[in-house]
Ligand SMILES: [Zn+2]
Ligand SMILES: [Zn+2]
C-alpha cells in the first residue's frame, strides 16, 4: 500500500528550540490532509502526505520536549549553568578544564560552576543520538544483546572511551567517594544487514517516539494494519531500534504499538528524579533514591509491561489503566502526580525568573504551558500528542520561543530576535565550558544564519526588529556579562 520508505527530511535540535524543514511552514501546512486518504491514493496525494509526515515527526519532538519532565530538566540545568557563571565573572576558557587544573580545593562558587558545567554536558549528552553500525555479513543468528554500563558525569573530565576502564573508575568513585553511579543501557542488534549499537539516551527515546508519531498518522491515513505500517517505516533503521527491542522482548504487540510505546516512552521521560524530587546529582538520598537516566527507566518499564494486561482497546479508560499499572508495578510515582509536580516546578522557575528580560523566559513559559496542557488533558496526553490537533496546540504554545527555518537556505522564517536566547544560549554555554575560544553560532549557520553572517568577523551581530529596535548578539552579551576570557 505504501510504495516507498518515508524520507527523513527535517531536523530538530532541543538546544536551539528550532525545527528545520525542507519546505516552509505554510507549505507543510498545505500538505496536510484529511484522514483516511481517499482511495485510490494518487502519487501527488502520497507525496503531500509524506511531506506532512516530516513536519509531524519534527514538530512532535518539540511538543514532547516542552511537555515532559526531561525537557524541563534540560532547561533547568541551562539556567543553573547561567546563574553559576554570573556569580563568578572573569573565568578563562575552556572553563571546565581550567577549573579542574586549579590544584587546590574549590571555593563554593567554583564548585558550583564545576557542578553546573558537568550537569550541563551530561544533559547535552543525553539529548544526543549515540549509534554505530558495523558490517554484519558474518552474523550467524540474529540476536539482541543488552548491557547496562555505569555512567558518571566525571567521565567528561577524565575522558575514557574504554568500557572496562570506565567500569573500574566508576566502581572506584562509588567505593572511595560514595559517588552515585547511574546506569546507561547499551543495546547491540546483531543482524546480517548490519550490527547496530545504540545507547538508550533520552534522544533515542525521543526518536522512537518520533516514529510513533509517524505511525499514528500512517494508521489514520491508510487505515492499514500494524504489520504493514511498520514495514513501511523510514529507511534509517536506527530510529526504530527501540521499537524493535520492545517488540522482541514482548513489551508490546504490533497491533497496539502506538499507544503502548507512547506510554512507555512518556513514562520514562516523565520520571525525572531531579525535577520531581530535586535529588543531588552525585549522591543517593537517605531512601536510596538517586538521579536516573530515562533509558534505565525505559528498560524497567519494558520488563514490567510484559507482566500487566496489555492494551486491548483504544478507550481512554484502558489507556489510563495501563499507564497507572505500569508506573505502579515499576515502583514509579503515579503519572498524574508526576505531571502535576513537573508543572509546579516549571511555575516555580518562572516565579524566580519573571519577565522578558530574563534569559530563556519564553522557553520557560512554553514548558510551563505545555505541562499545564498535559495536566488538563489527563493520562491520555501521551497517546493524544501525535494527533494533528494536539501537535498544533503544542506548537502554538512553543512558537514564542521556537523557530522554523529552511534547511536549504539555512534562513529562519520570520525570525523574532526576542528568541535569540532560546536559539543560541546552549551553543554559547557549551563552547565556554569546553572550547578555548567562542564563536557566534548564528554566524556559522547553526542552526541558521543571522543577518550579520556575511559581515566581517570583527563586526558585532545585530538583529533589527519592530520599529528600529535592535538586539545584540547573545555571544557579546554573555562575554561581557560573565567577563569570559578566551585563550590566546
Ligand atoms: Zn527525529
Ligand atoms: Zn551573533
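Numbering (my numbering), first residue to last: 1 to 488. Where a beta carbon is used, it is the ideal one built from N, C-alpha and C, also for glycine. Treat the numbers as computed from the prediction; the structure is a model and nothing was measured.
Residues of its chain near residue i, where Cβ-Cβ distance is below 6 Å and the 5 sequence neighbours each way are ignored
i	result
residue 486	93, 437
residue 7	Unreliable placement is indicated for residue 7, whose pLDDT of 44 sits below 50; no coordinate value is reported for it.
residue 350	364, 368
residue 478	428
residue 100	157
Contacts around residue i, its chain only, beta-carbon distance under 8 Å, and the 5 residues preceding and following it disregarded
i	result
residue 489	Because the chain in this structure spans residues 1 to 488, residue 489 falls outside the shown range and cannot be described.
residue 329	304, 307, 308
residue 319	259, 263, 311, 379, 380, 383
residue 387	216
residue 279	273, 285, 289, 290, 291
Residue i - DSSP class collapsed to helix/strand/coil
i	result
residue 41	coil
residue 21	strand
residue 281	coil
residue 421	helix
residue 289	coil
residue 412	strand
residue 388	helix
residue 5	At residue 5 the pLDDT is 39, less than 50, meaning the model places this residue with poor confidence and gives no usable figure here.
residue 403	strand
residue 236	coil
residue 30	helix
residue 471	strand
residue 559	The structure shown does not extend to residue 559, since the chain is modelled only from 1 through 488, so no value can be given for it.
residue 436	coil
residue 371	helix
residue 135	coil
residue 331	coil
residue 12	strand
residue 186	strand
residue 272	coil
residue 145	strand
residue 348	helix
residue 249	coil
residue 192	coil
residue 36	coil
residue 83	helix
residue 489	The requested residue 489 is not part of the displayed model; the chain covers only 1 to 488.
residue 102	coil
residue 485	strand
Rounded straight-line distance, which links the Cα of residue j to that of residue i
i	j	result
residue 364	residue 71	10 Å
residue 197	residue 133	6 Å
residue 142	residue 188	11 Å
residue 469	residue 389	35 Å
residue 495	residue 360	One cannot answer for residue 495 here, as it falls past the ends of the chain, which runs 1 to 488.
residue 419	residue 191	44 Å
residue 265	residue 156	27 Å
residue 240	residue 130	13 Å
residue 112	residue 455	37 Å
residue 182	residue 299	14 Å
residue 336	residue 96	38 Å
residue 223	residue 52	17 Å
residue 346	residue 56	26 Å
residue 412	residue 426	18 Å
residue 473	residue 178	43 Å
residue 128	residue 24	26 Å
residue 507	residue 48	This structure cannot settle anything about residue 507, because the visible part of the chain is limited to 1 through 488.
residue 408	residue 352	40 Å
residue 248	residue 238	15 Å
residue 415	residue 138	51 Å
Expected contact under 8 Å - CB spacing of residue i and residue j to nearest Å
i	j	result
residue 338	residue 402	Residue 338 to residue 402, Cβ: 24 Å. No contact.
residue 21	residue 406	7 Å
residue 149	residue 163	6 Å
residue 370	residue 391	So it is not a contact: roughly 12 Å between Cβ atoms.
residue 208	residue 184	About 16 Å; that fails the 8 Å criterion.
residue 441	residue 424	5 Å
residue 341	residue 276	5 Å
residue 510	residue 343	It is not possible to answer for residue 510, since the shown part of the chain is limited to 1 through 488.
residue 327	residue 267	6 Å
Residue i Cβ short of 7 Å to ligand 4 heavy atom set
i	result
residue 121	The model on display carries ligand 1 and ligand 2 but not ligand 4.
Sequence-distant residues of the same chain with beta carbon closer than 7 Å to residue i, five excluded per side
i	result
residue 464	470
residue 193	136
residue 123	73, 74, 77
residue 325	308
residue 481	86
residue 317	none
residue 13	447
residue 286	none
residue 314	259
*Does the pairing of the region 51-63 with the region 16-35 give three or more beta-carbon distances under 8 Å?*
The answer is yes - the region 16-35 touches the region 51-63, with three or more Cβ pairs under 8 Å.
*Inspect the CB distances between the region 24-42 and the region 81-90 and report whether three or more fall short of 8 Å.*
Taking a contact to require three or more Cβ pairs closer than 8 Å, the region 24-42 and the region 81-90 do not qualify as touching.
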